[in-house]
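Notes to accompany the following structure.
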Amino acid sequence: MKAGVKLPEVTFRTRVRDESVGGSNPFRWEDKTTADYFAGKRVILFSLPGAFTPTCSTYQLPGFEEGFEDFKAQGIDEIYCMSVNDSFVMNKWAEAQDLKNVKVIPDGSGEFTRKMGMLVAKDNLGFGMRSWRYAAIIKDGVIEAWFEEPGMSDNHGEDPYGESSPENVKEYLTKEAQDKAA
């Protein structure tokens, strides 16, 4: 669907650990751009409705985290998890999930998600505007493969999950490798 599309250029407001700050919360603001995350790399980006939510915390994020070495063996340099949450929330979620491999990207204002055409209202859950669940394989800032959950709509009564799962993305990469070898 979106294969061949270049990612939108946005600036992400992140908080990074910096011991020179001192105190119990040694973090400082650091702006990162789309290019900082995606230029010159082949990555998996997956986006989901919210940090700390059940499907995201139980299946999707842990699946990508645990499968990192397999993805790396298939030519993936980085795996990024994005949500329309601020950097404080995303950092705490990464800590709670004990992430070692997957990196989180905060899209606090939803600008990237909106420009991707994936921003939906989740007022029925008290969330406000959030990302529809999707995954993508991105090479040097251009979408190579797209995995979007069906039924994208505002205030959807369900949270479909399957198309953007780590298992589905891995299956795609395996088939791609087999096709290239044939």
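Going letter by letter, the sequence shown gives residues 2 to 183 in my numbering.
By construction, the Cβ of each residue, glycine as well, lies at the ideal position given by its N, Cα and C atoms.
| query | result |
| --- | --- |
| Segment limits, beta strand (DSSP E) that includes Glu96 | From DSSP, Glu96 is part of no beta strand (DSSP E) but of the alpha helix (DSSP H) over 88-97. |
| Identity of the residue in Lys7, Val11, Ala182, Gly51 nearest Phe113 by Cα | Val11 |
| Beta-carbon spacing of Asn201, Asn86 below 8 Å | Residue 201 cannot be examined here, being either before or after the span of the chain that is shown, 2 to 183. |
| Sequence-distant residues of the same chain with beta carbon closer than 7 Å to Thr56, five excluded per side | Asp160, Tyr162 |
| Residue span of the beta strand (DSSP E) that contains Tyr162, given as start and end | No beta strand (DSSP E) contains Tyr162, which DSSP labels as neither H nor E. |
| Residues near Gly5 in its chain [Cβ-Cβ closer than 8 Å; skip 5 each side] | Val143, Ile144 |
| Unbroken alpha helix (DSSP H) run spanning Val167, endpoints | Inspection of the sequence shows that residue 167 is occupied by Pro rather than by Val. 167-182 is the extent of the alpha helix (DSSP H) around Pro167. |
| Coarse secondary structure for Asp32, derived from DSSP in three states | strand |
| Rounded C-alpha distance that separates Asp99 from Gly152 | 32 Å |
| Residue burial classification, Arg131 (beta-carbon count within 10 angstroms, cutoff 16) | buried |
| Through-space distance from Asn92 to Pro27, alpha-carbon basis | 12 Å |
| For Ser110, the nearest candidate out of Glu96, Lys101, Arg18, Val90 (CA to CA) | Val90 |
| Which of helix, strand or coil DSSP assigns to Pro63 | helix |
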